[in-house]
Amino acid sequence: MFRHSAQQMGVTAGLTLPIFDSGRLNANLDITKAQSNLTVANYNKAVVDAVNDVARAASQVETLAQKNQHQQQIEHDAQRVVGLAQARFNAGIIAGSRVSEAKIPALREQCNGLLLQGQWLDASIQLTSALGGGYHAS
């Protein structure tokens, strides 16, 4: 009698083995693999996007730095024209209105320089953000 119920227990326990659930387990494994592949693909895309953002921002900062350097030379030249006009005025060669006229392009170039500096600062902030913050150019 004990022997018969022990055999029944063995059969009952055997019915719950993974052999009978293999289809469901394989389907769950396939779903998990697909989700894992999707997660890896999303991560890889995020990394590539982040690298592209950094490269784009760094390129923009470099381009604006070069433009800023060129603009500073333009401003320097415009100031030199003002200085020459002032010297001519002081020597009595030209009227004071000519000095004022020489200042207009110099002031315009200073404004352009300030706008360009603002663009460079914006690009630097974008680069810092793309790098995750905490970046300091040295």
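Numbering-wise (the UniProt record's numbering), the sequence shown opens with residue 1 and increments by one.
Glycine included, C-beta positions come from ideal geometry on N, C-alpha and C.
- In the structure shown, Leu121 falls within a helical segment according to DSSP collapsed to helix, strand and coil.
- A Cβ-Cβ contact shorter than 8 Å links Ala123 with Gln60.
- Around Asn112, the same chain offers Gln71 as residues with beta carbons nearer than 7 Å, after the five sequence neighbours per side are excluded.
- Excluding the 5 residues flanking it on each side, Gln126 has same chain C-beta neighbours closer than 6 Å at Ala57, in chain order.
- Straight-line measurement puts the Cα of Asn42 at about 10 Å from the Cα of Gln35.
- In the three-state scheme derived from DSSP, where H, G and I count as helix and E and B as strand, Leu116 is classed as helix.
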